[in-house]
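Residues 19 to 299, numbered by our numbering, are exactly what the sequence shown covers, in order.
All C-beta atoms in this analysis are idealised placements derived from N, C-alpha and C, irrespective of residue type, glycine included.
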Amino acid sequence: MARKIAAIVMILLAAALFAAGGKDDSSASPGMEMTPSDPRLFQPGKLTVATGEPVYPPWMLDDNPAGGEGFENGLVYALAEELGFAREDVIWVRQTFDQGIAPGAKPYDFNIQQYSVKEERREFVDFSMVYYKPEKALVALSDSKVSNATSFADLRKLRWGATIGTVDLDYIETILGVENPAVYNDQSATFQAMLANQIDATLIGLPTALYVTAVQVPEASIAAILPHDPNDLGHGLVFEKGNPLVPWINKGLEAIISKGIIADLTAKYLIGDDTIPEISR
């Protein structure tokens with residue numbers, strides 16, 4: 019059944035903020051906390067933000083986080099302004115996706131890379147509140163037999179592939195019930211396998227799928243939208259475990275959500291088609 023597809027902004031203003039804990043912040047002066055001079059920042063006076071290497075539209079355009087064009091860097095600059103930082107005081111560093119959710123010290127204040135908040139990841143890192151929850155898009159070649167699928171039973175008959183370590187791979191295995199899907203090191207390799215007819219389908223977030231099928235792999239198309247994974251709460255910022263800045267950053271996120279800034283960014287960068295069918299089970 020066709021329905022209007024729009025990216026869903028999760029506004030959790032009533033949700034409890036995650037506990038900070040862990041770090042010794044005894045050096046913080048009372049009047050300096052929760053300001054750009056907060057001594058608990060990785061570099062006081064600066065907001066140090068990690069993202070991927072490279073980054074892709076529509077999350078960030080032109081592989082240029084500092085350019086401010088894209089959903090994620092637009093969010094970061096709006097958040098920085100809300101927290102009192104000047105634009106030039108936002109410092110970008112690059113990390114791989116896996117480095118961001120690995121245990122250990124982090125050379126930044128938080129990381130933004132479409133990280134899904136999942137309980138098993140909390141053992142190693144802390145998350146902000148959820149600020150966005152994308153639809154799940156089934157992507158296949160335009161002439162694929164995937165277009166005939168109408169149920170999860172049909173989908174299980176396909177040859178699936180996905181990128182290692184992603185919630186998309188988890189979804190294919192645990193929600194769809196696909197056994198032994200092919201696994202690839204990155205999104206590019208996944209789509210190369212599809213073009214080589216090694217797999218029939220993959221699963222990615224709708225905003226990414228819109229860009230991939232329009233620009234990177236025009237031979238592919240979005241065949242269907244699938245239900246949300248109940249274990250995937252949506253996207254959150256990632257922090258070093260025990261980072262005491264989490265409550266402050268959450269207040270900033272709450273503010274830009276309530277002002278409609280994230281809704282505006284969603285409308286500008288992440289809105290989908292209105293005729294994509296949904297497969298519910």
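| query | result |
| --- | --- |
| Element boundaries [alpha helix (DSSP H), containing Glu272] | 264-276 |
| Three-state secondary structure assigned by DSSP to Ser323 | Absent from the structure is residue 323, since the part of the chain shown begins at 19 and ends at 299. |
| DSSP-derived helix/strand/coil call for Glu237 | coil |
| Spatial distance of Asp80 from Pro72 (CA atoms) | 9 Å |
| Outcome for Asn215 when other beta-carbon atoms lying within 10 angstroms are tallied against a minimum of 16 | exposed |
| Candidates Ile182, Pro54, Val143, Gly254, of which the one nearest Asn203 by Cα | Ile182 |
| Beta carbon of Leu228 nearer than 8 Å to that of Ile243 | no |
| Simplified DSSP assignment, three categories, for Ile289 | coil |
| Straight-line Cα distance separating Gly88 from Ala155 | 20 Å |
| Selection from Ala211, Lys124, Ile280, Glu90 that minimises the alpha carbon distance to Lys259 | Lys124 |
| Euclidean distance between Cα positions of Ser276 and Phe103 | 19 Å |
| Cβ neighbour criterion (16 or more within 10 Å) applied to Gln113 | buried |
| Alpha-carbon spacing of His246 relative to Val148, whole angstroms | 14 Å |
| Residue of Phe60, Ile222, Val143 minimising C-alpha distance to Asp186 | Ile222 |
| Backbone CA spacing between Ala84 and Trp110 [nearest angstrom] | 7 Å |
| Cβ pair Ala238, Ser298 closer than 8 Å | no |
| Residue from Lys151, Glu153, Val235, Glu296 with nearest C-alpha to Ala241 | Glu296 |
| Residue environment, Arg58, which counts as buried when at least 16 other CB atoms sit within 10 Å | buried |
| Nearest-angstrom Cβ-Cβ length linking Asn91 and Leu255, presumed shorter than 8 Å | Asn91 to Leu255, Cβ: 13 Å. No contact. |
| Supposed close pair Gly63, Pro76 - CB separation, criterion 8 Å | Wrong, their Cβ atoms sit about 31 Å apart, outside the cutoff. |
| Ala180 versus Ser162, Val157, Phe170, residue with shortest Cα-Cα distance | Val157 |
| Beta-carbon proximity list for Leu173, same chain, < 6 Å, skipping 5 on both sides | Ala167, Leu194 |
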